[in-house]
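Chemist: So the sequence lines, in the order shown, correspond to chains A and B.
Position one of the first sequence corresponds to residue 49 (the working numbering), numbered consecutively onward.
Position one of the second sequence corresponds to residue 45 (the working numbering), numbered consecutively onward.
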Amino acid sequence: MEQQFEGVRGADTLDIASVREDFPFFAAQDTAYLDNSATSLCPECVIRTVSEHYLREKASPFRGLYPLSVQITEAYEAARETVRGFINAPEAAEVIFTRNASESLNLIAYSLGSHILRPGDEVLVGITEHHSNMLPWRMAAERTGAKVRYLLCEPDGTYREETLREALNGRTKILAITHCSNVFGRVNDLRRFAELCHANGTLIVADGAQSVPHMPVDVQELGVDFLVFSGHKMLTPMGIGVLWGRRALLEEMPPFLTGGEMIDAVTTDEIWWAPLPQKFEAGTVNTGGALALAEAIRYLGRVGFDRIQKREADLTRMLVEGILDTPHVRLIGSQDPAEHHGIAAFTVEGVHPHDISAIMSDGGVCIRAGHHCAQPLHQHLGIPSSSRASVMFYNTEEEIGRFLTVLRSIRGAMGYAE
Amino acid sequence: MPSNTYYNEILTEHNLHPEHKHALPGANTALRGVNPSCGDDITLQLKVEDGVIEDGAFVGDGCAISQASADMMLDLIIGKPKEEALRLADIFIRMIKGEASEEEIDELEEAGALQDISHMPSRVKCAVLGWHTVEEIFKKK
Ligand SMILES: Cc1ncc(COP(=O)(O)O)c(C=O)c1O
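#1: Just tell me which of ALA188/A, PHE232/A and LEU172/A has its CA closest to the CA of ARG213/A.
#2: In the region 75-88 of chain B, which residues sit with their C-beta less than 7 angstroms from some C-beta in chain A, listed in chain order?
#3: With distances taken from CA atoms, which of CYS107/B, GLY174/B and ARG167/B is nearest ASP134/B?
#4: Thinking just about the alpha-carbon of each residue, which of ALA65/A, ASN84/A and ALA157/A is nearest to the one in HIS420/A?
#5: Using a Cβ-Cβ cutoff of 7 angstroms, what residues of the region 411-443 of chain A are near chain C? List them in chain order.
#6: Which residues, taken in chain order from the region 362-385 of chain A, show a beta carbon closer than 9 angstroms to some beta carbon of chain B?
#7: For the region 395-406 of chain A, which residues have a beta carbon sitting closer than 7 angstroms to at least one beta carbon of chain B?
#8: Check whether the Cβ of ASP83/A sits closer than 7 angstroms to any heavy atom of ligand 1, and report yes or no.
#9: Extract the residue ranges of the alpha helix (DSSP H) inside the region 265-308 of chain A, only unbroken runs of 4 or more that lie entirely within it.
#10: Tell me which same chain residues have a C-beta within less than 8 angstroms of the C-beta of LEU321/A, skipping the five on either side of it?
#11: Return the residue from the list LYS281/A, ALA296/A and LEU297/A that minimises the CA-CA distance to VAL290/A.
#12: Answer yes if the region 59-75 of chain A comes into contact with the region 413-428 of chain A, meaning at least three C-beta pairs across the two stretches below 8 angstroms, and no otherwise.
#13: Which residues in the same chain as LEU379/A place their Cβ atom closer than 8 angstroms to its Cβ, once the five residues preceding and following it in sequence are excluded?
#14: Closer than 7 angstroms to a non-hydrogen atom of ligand 2 - does that hold for the CB of CYS90/A?
#15: Could you tell me whether any Cβ in chain A is nearer than 8 angstroms to the Cβ of ALA108/B?
#16: When the Cα of VAL178/B is compared with those of SER113/B, GLU63/B and HIS58/B, which residue comes out closest?
#17: Suppose you measure from the CA of ARG57/A to the CA of ALA65/A; what does that come to, to the nearest Å?
#18: Let me make sure I understand the geometry here. Which of THR73/B, GLU127/B, LYS126/B and VAL78/B has the alpha-carbon closest to that of ALA101/B?
#19: Whose C-alpha, out of THR192/A, ALA149/A, LEU324/A and ARG186/A, is nearest the C-alpha of LEU165/A?
#20: Just list the residues that DSSP pairs ASP84/B with in beta bridges.
#21: So does CYS245/A have its beta carbon nearer than 7 angstroms to some heavy atom of ligand 1?
#22: Identify each residue in the region 148-172 of chain B for which the Cβ-Cβ distance to at least one residue of chain A is less than 9 angstroms, and report them in chain order.
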């Protein structure tokens, strides 16, 4: 009762004690989990949705003519509608369920790539991109004779408008760019990027893997042509992701995977593709994943997305300021906590990131070490690799404190005098 | 908070002040060893005369474990015949797998300080990088 009272009292602050109870992870592990941008934890309600679905009502959607199949088809389509509302897409048919952001990006690069890229055309790819938003474009370029060029960011991770203006030319067909960088934590002004691209006849593909879980993303307001994200970074199990695209483009694009469920009719000579969204969802779909994602979206709504954002901003400030205060530690990107959106990548002078993460793990803290699937970005910054701590609303000040305590001990543990 | 079990003084000392981390002008054999997933990257240089390792050194980058392990290894194998270096490499690799006896680990002298790495599967590759590189050099010949 007391907890509920607290929740009511702090109407604009989140009731962390009751939120922590929603995540059985915390009772099972005593580690401070600060690798949330790799994958988030799951609240019990999301897992229960999946298990109830598979235990009590499993049947194949779309195919069966019996009531259970119809009911599951409806639940799956209702989940699509929930996702549509979450990103404010114009229509649910534009929301395609995939396995993850990577699959969504591969789908776009393959299908849109083969549809519009011709020899000599250019795809502009942000240097900040995760390999998932870089390699599919390189493969598409190889198949079509187009060329990948890189849009370079400043050392603090910002993209200057002039850089984009100069990079766009008559042959630039696509810009592939992240909404929020998984290394810098910086959010790009995609609305402005989209205006510049569209004025140049260029399509813009946005990677929302790190933004959609943490801030309201409205595809119509952003003005991009495609947006992708992964469920597992926003409270679901692995294996469900989303691709949103404009209807006109999705309709022109050829299918990616072919097979069951994605056709209207097939003869030995001819194929009639199914309408959207089925055209892009070959094979038996991940009903449990879609229901999980819809439940995760409802959970975020119950906790309150504005409260989540505020809490994540507070936690990020503590994390970033603590890193900035630690001698011999260099924060990658902006020195302003407000620019980090839960993500703080850093280096410790004289200590390799793998040693940092091993000492962190001895101290009961999980963080990421390496290049975070953004190797070309690290090359651009002249850093071989880095460490990264990332927070989510369910983290506590105590956990960040534990991280900072270990951080301050690292040079000493490695034999440095200070 | 559990202690940093394997970042002991021997390891950190060899990492911060590696005696053998430099180019070796008189080297007559060299081989690069890389762990692509971690970014450990060393080049081992040896001066081998009549089957005896007269001198050795390494250059490169990587985590403390890879760098300290290569340095300790050179302490141990310089002045020894190549067969002896291969025998020690075998003991070291078995130690990291948790399969070497106490007597064998004693033969590794300071390199025995890395035995706890056997509990950290993700760091095994770092510890054995130098030793694998020595094996490669001599098994090729
Ligand atoms: C910015 C960004 N894009 C794409 C991905 C790929 O996501 P997934 O591995 O879920 O496909 C990630 C996560 O690793 C990411 O951080």
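Positions of the beta carbon are idealized from the N, C-alpha and C atoms, including for glycine.
Modeler: Quick answer:
#1: LEU172/A
#2: For the region 75-88 of chain B, which is checked against every Cβ of chain A, the residues closer than 7 angstroms are CYS82 and GLY83.
#3: Minimum Cα distance to ASP134/B is reached at GLY174/B.
#4: Minimum Cα-Cα distance from HIS420/A among the listed residues ALA65/A, ASN84/A and ALA157/A corresponds to ASN84/A.
#5: In summary, chain C is missing from the structure at hand, where the protein chains are A and B.
#6: none
#7: Correct list: HIS400, HIS402, ASP403 and ALA406.
#8: Checking every heavy atom of ligand 1 against the Cβ of ASP83/A, none is found closer than 7 angstroms.
#9: 267-270 and 295-300
#10: Note on residue identity: the sequence assigns Trp, not Leu, to residue 321/A. If we look at TRP321/A and ignore the five residues flanking it on each side, its Cβ neighbours are PRO303, MET310, ILE311, ASP312 and LYS327.
#11: LYS281/A
#12: no
#13: For LEU379/A, where only same-chain residues beyond five positions count, the Cβ hits under 8 angstroms are VAL368, ILE371, LEU372, ALA392, ALA393 and PHE394.
#14: Summarising the ligand content, the structure contains ligand 1 and does not contain ligand 2.
#15: yes
#16: SER113/B
#17: In this prediction, ARG57/A scores a pLDDT of 39, lower than 50, which makes its location untrustworthy; the coordinate-derived value is nonetheless stated afterwards. Each residue's Cα considered, the two are about 14 angstroms apart.
#18: THR73/B
#19: THR192/A
#20: ASN79/B
#21: no
#22: So the close ones are MET164, SER166, ARG167 and CYS170.
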